[in-house]
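*Asks:* Numbering of the sequence shown is given in this note's numbering, commencing with residue 4 and proceeding in unit increments.
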Amino acid sequence: MTQMGQDRARLPSVMTDRQYLDELPQGPLELSPGDIQTIQVRTVSARLLDAHGQPFAGERYDIEEDGKSIAQGQLDNEGLTEAIVAYNAAYRVRFPALADNAWSNEPFAEAPAPSLDTDAYRVARAETLAMVLYRERGLLDPNPVLAADKNRFINSARAQEILHAGDLVYLPVKGPRGERRHDLAIGECDEFHVAGVVRRLKLVLKRNGDPLRETSYELVCMGATRSNTTDGDGLLDEPIPYAATEAELFVNGVTRRLVLGGIDPVHTVTGVQARLSNLGYHSGAVDGRYGPITRRSVRKFQAAKSLVVDAIVGPSTRAGLLAAYGR
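1. Under 8 Å by Cβ, that's how I've got residue 273 and residue 301 pegged, so tell me the actual separation to the nearest angstrom.
2. Are the beta-carbon atoms belonging to residue 136 and residue 145 less than 7 Å from one another?
3. In chain order, what residues of the same chain lie with their CB nearer than 6 Å to the CB of residue 318, ignoring the 5 residues before and after it?
4. Rounded to whole angstroms, what is the Cα-Cα separation between residue 172 and residue 199?
5. Sorted by chain position, which residues of the same chain lie with C-beta nearer than 8 Å to residue 323's C-beta, five sequence neighbours on each side aside?
6. Using only alpha-carbon positions, find the residue among 52, 279, 267 and 287 that is nearest to residue 168.
7. Cα separation between residue 108 and residue 271?
8. Pick from 280, 81, 116 and 106: whose alpha carbon is nearest that of residue 176?
9. Give the secondary structure of residue 318 by DSSP, where H, G and I count as helix, E and B as strand, and everything else as coil.
10. How would you label residue 55, buried or exposed, when you count the other beta carbons within 10 angstroms and need 16 or more for buried?
11. Alpha carbon to alpha carbon, how far is residue 293 from residue 255? Give it in angstroms, no decimals.
12. For the alpha helix (DSSP H) containing residue 297, name the first residue and the last one.
13. Can the beta-carbon of residue 233 be found closer than 7 Å to that of residue 208?
14. Taking 6 Å as the cut-off, does the CB of residue 95 come closer than this to any heavy atom belonging to the ligand COA?
15. Rounded to whole angstroms, what is the Cα-Cα separation between residue 288 and residue 276?
16. State the start and end residues of the unbroken beta strand (DSSP E) segment that holds residue 284.
17. I need the boundaries of the alpha helix (DSSP H) containing residue 217, first residue and last residue.
18. By Cβ distance below 7 Å, which residues in the same chain neighbour residue 206 in space, the five residues on each side in sequence not counted?
19. Measuring only the C-alpha atoms, how far is residue 95 from residue 185?
20. Is the number of C-beta pairs between the segment 212 to 225 and the segment 186 to 197 that are closer than 8 Å three or more?
21. How far does the alpha helix (DSSP H) with residue 148 in it reach, from first residue to last?
22. Are residue 197 and residue 53 closer than 7 Å when you measure CB to CB?
23. Rounded to a whole number of angstroms, what is the C-alpha to C-alpha distance between residue 201 and residue 229?
24. Drop a sphere of 10 angstroms on the beta-carbon of residue 231, count the other beta-carbons inside from all chains shown, and report buried for 16 or more, exposed for fewer.
25. Please tell me whether residue 65 and residue 99 are closer than 7 Å, where the distance is taken between their beta carbons.
26. Between the C-alpha atoms of residue 278 and residue 251, what's the straight-line distance to the nearest angstrom?
27. Looking only at C-alpha atoms, which of 90, 150, 134 and 51 sits nearest to residue 77?
28. What does a CB cutoff of less than 6 Å around residue 296 pick up in its chain, not counting 5 residues either side in sequence?
Shown next, in the form of structure tokens:
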């Protein structure tokens, strides 16, 4: 802090956003013209990692001081938050949207089979298993749910997490959520782990059928902006929060609104149409009607992938769509 032309400067006892100065003197801070005064601050930090050790960005956090909330927000792109704090208080962190058994200060071993509700959850349009689990239970790992006998109908041919409107899914019994807290050590970065992996958005960006290689873009999702470039194949690969249902993509002066998780299973007509549309083969509506436009789109895709060109979406064409689209 530099103060020129004045004999004294006054610092607030409590700074914006509950920032504290270490051993702050009472009253005015004496300074002479040209003086530089260095004041050391203390911080607490928390980082959230997924089951593969990757940053779990976008998750909501709440930092408490002596039991009272002092800082709330979303973890940054590195899965990190940091707060400037006092030196004589106790600090803890919690993650309000997560089930208490979904995160810990230690990496998770293989999750045990959960106890399932007796009543099934009826899936709505544009819902994935990951979205439903997170919103309804605060859970992040769908594998134990998929392995349950009651949910055997969700097979690998449907890319597991992709559900269809009207599907009945048995979810784990509700448990405590947002109540678990862990201490934070002043001056250190405490690491925490979730039972699950980062949700990712993967898109191949094309123009006139050609990949947009090494092209700059901005992705805005739940208020956070990620600036990056596509790879040599035009691939965009970004982590996104589990709570996200839409995003905006800015590339080459064009803005696109993205509906996240809004694709139906590949065995449905709408699922086929949506994949063909996103892959650049279908220019018609995603309306569930297997008409001339959709048949023509299927033939174009089959020809491009060296499949039998018959406009029939059989096992080989569905497998080709899953391979090309990624799920």
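Cβ coordinates follow ideal geometry from the N, Cα and C atoms, glycine included.
*Replies:* Looking at the coordinates:
1. For residue 273 against residue 301, the beta-carbon gap comes to about 14 Å, at or over 8 Å, which does not count as contact.
2. Yes, the pair counts as a contact, with Cβ atoms nearer than the cut-off.
3. Excluding sequence positions up to five before and after residue 318, its CB lies less than 6 Å from no other CB in the same chain.
4. Between residue 172 and residue 199, the alpha-carbon positions lie close to 19 Å from each other.
5. Answer for residue 323: 304, 305, 308 and 310, listed in chain order.
6. For residue 168, the nearest C-alpha among the options comes from 267.
7. Residue 108 and residue 271: Cα-Cα distance of roughly 42 Å.
8. Residue 116 holds the alpha-carbon nearest to the alpha-carbon of residue 176 among 280, 81, 116 and 106.
9. Residue 318 falls in the helix class under three-state DSSP.
10. Here residue 55 is exposed. Its C-beta has fewer than 16 other C-beta atoms within 10 Å.
11. Using only the alpha carbons, I get a separation of about 34 Å.
12. Taken as a continuous stretch (DSSP letters only), the alpha helix (DSSP H) holding residue 297 covers 295 to 307.
13. Between residue 233 and residue 208, the C-beta spacing is below 7 Å.
14. Absence of the ligand COA is noted for the structure shown, with no ligands found whatsoever.
15. In this structure, the straight-line span from the alpha carbon of residue 288 to that of residue 276 is close to 8 Å.
16. Per DSSP, residue 284 belongs to no beta strand (DSSP E) and is neither H nor E.
17. Note, residue 217: premise wrong, no alpha helix (DSSP H); not H, not E.
18. Answer for residue 206: 239, listed in chain order.
19. For residue 95 and residue 185, the gap between their C-alpha atoms comes out near 5 Å.
20. The segment 186 to 197 and the segment 212 to 225 do not touch, with fewer than three beta-carbon pairs separated by less than 8 Å.
21. It spans 146 to 150 - the alpha helix (DSSP H) in which residue 148 sits, taken as one unbroken run.
22. In this structure, residue 197 sits near residue 53, with a CB-CB distance shorter than 7 Å.
23. Just so you know, the alpha carbons of residue 201 and residue 229 end up roughly 15 Å apart.
24. With a 10 Å radius around the Cβ and a threshold of 16 neighbouring Cβ atoms, residue 231 comes out exposed.
25. Cβ distance < 7 Å, so residue 65 and residue 99 count as in contact.
26. If I take the Cα positions, the gap works out to 19 Å.
27. Taking only the C-alpha atoms, the option nearest residue 77 is 51.
28. Once the five neighbours on either side are set aside, the close Cβ partners of residue 296 are 287.
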